[in-house]
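Engineer:
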Amino acid sequence: MSTCDRSTTVLLSLDISAAFDTIDHSILLDRTSRDFSIHGSALSWLWSFVIYRHQYVALGAQKSSPVNCTSDVPQGSVLGPLLFAMYINVSPMSNVVAAHSLRHHQYAGDMQLYTAVRPCADANLKSVSICVEDIACWFLKNGL
């Protein structure tokens, strides 16, 4: 069997954890309701979890005035990774990856894209590159 007949797996790991800080609350809650059918008191509870948060900077005894958090989900919380996954794993993101015949796994701020390639054919590698470009465009269009 020649090396051109064998296939290997190409894996690309993406660290998208910085996107936690850019989640648009309105889009998140709209997707939560529309795509995951969360309504009523459960949606109100999620709304209060993401909307009514403040942050400030402290240095010793000095403390700045609090400001509203207008975008993000708390990365260190139990719900943060779940809400982030709901924000980016709705069908549009999966469709972006699937359009390039790649597969993916994602948890919180880590995403892996993978595909099988034959060493003598670079078409699959081009597909990975184009897929990453399309993912970057999707992130930009979605405010991430």
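Numbering of the sequence shown is given in this note's numbering, commencing with residue 51 and proceeding in unit increments.
Idealized CB from N, CA, C, for every residue including glycine.
When the Cα of Q162 is compared with those of I66, S57, T58 and K191, which residue comes out closest?
Structural biologist: Q162 has its Cα closest to that of I66, out of I66, S57, T58 and K191.
Engineer: What is the DSSP secondary structure of Y102, reduced to helix, strand or coil?
Structural biologist: Coil at Y102, not helix or strand.
Engineer: What's the C-alpha gap between S63 and D160?
Structural biologist: Rounded to whole angstroms, S63 to D160 spans 7 Å at the Cα level.
Engineer: Less than 8 Å between the CB atoms is what I'm expecting for Q105 and P116, so what's the real figure, rounded?
Structural biologist: Between P116 and Q105 the Cβ distance is about 7 Å, and since that is below 8 Å, they are a contact.
Engineer: Under 9 Å, Cβ to Cβ, is there at least one residue of chain C near Q162?
Structural biologist: Although the question refers to chain C, the structure presented lacks it and comprises just one protein chain.
Engineer: Take the Cβ of C181 as the centre, count every other Cβ of all protein chains shown within 10 Å, and call the residue buried at 16 or more, exposed below.
Structural biologist: Per the 10 Å Cβ criterion, buried.
Engineer: Could you round the C-beta distance between F189 and D122 to whole angstroms and report it? I think they count as a contact, below 8 Å.
Structural biologist: No, F189 and D122 are not in contact; Cβ-Cβ is about 15 Å, not under 8 Å.
Engineer: Relative to the C-alpha of S232, which residue among V146, T120, H75 and M136 is closest?
Structural biologist: Past the edges of the chain, shown from 51 to 194, lies residue 232, and the structure says nothing about it.
Engineer: Let me know if F86 comes out buried or exposed under the rule of 16 or more other beta-carbons within 10 Å of its beta-carbon.
Structural biologist: Result: exposed.
Engineer: Skipping 5 residues on each side, what residues in its chain have a beta carbon closer than 6 Å to that of D184?
Structural biologist: Cβ neighbours of D184 beyond the five flanking positions: V146.
Engineer: If you drop the 5 nearest sequence neighbours on each side, which residues of the same chain put their C-beta closer than 7 Å to that of P142?
Structural biologist: Counting only Cβ-Cβ distances below 7 Å, and skipping sequence neighbours, we find W188.
Engineer: Does the Cβ of Y102 have 16 or more other Cβ atoms within 10 Å, making it buried, or fewer, making it exposed?
Structural biologist: Looking at its Cβ environment, which holds fewer than 16 other Cβ atoms inside 10 Å, Y102 is exposed.
Engineer: Please look up how many angstroms separate the CB atoms of R168 and S98, rounded, as I've assumed it's under 8 Å.
Structural biologist: Going by Cβ atoms, the distance from R168 to S98 rounds to 53 Å, so no, they are not a contact pair.
Engineer: Quick check: what's the CA-CA separation for N192 versus Q112?
Structural biologist: One C-alpha to the other measures close to 36 Å.
Engineer: In terms of alpha-carbon separation, which member of Y157, Q156 and F134 lies closest to D74?
Structural biologist: The shortest C-alpha separation from D74 is found at F134.
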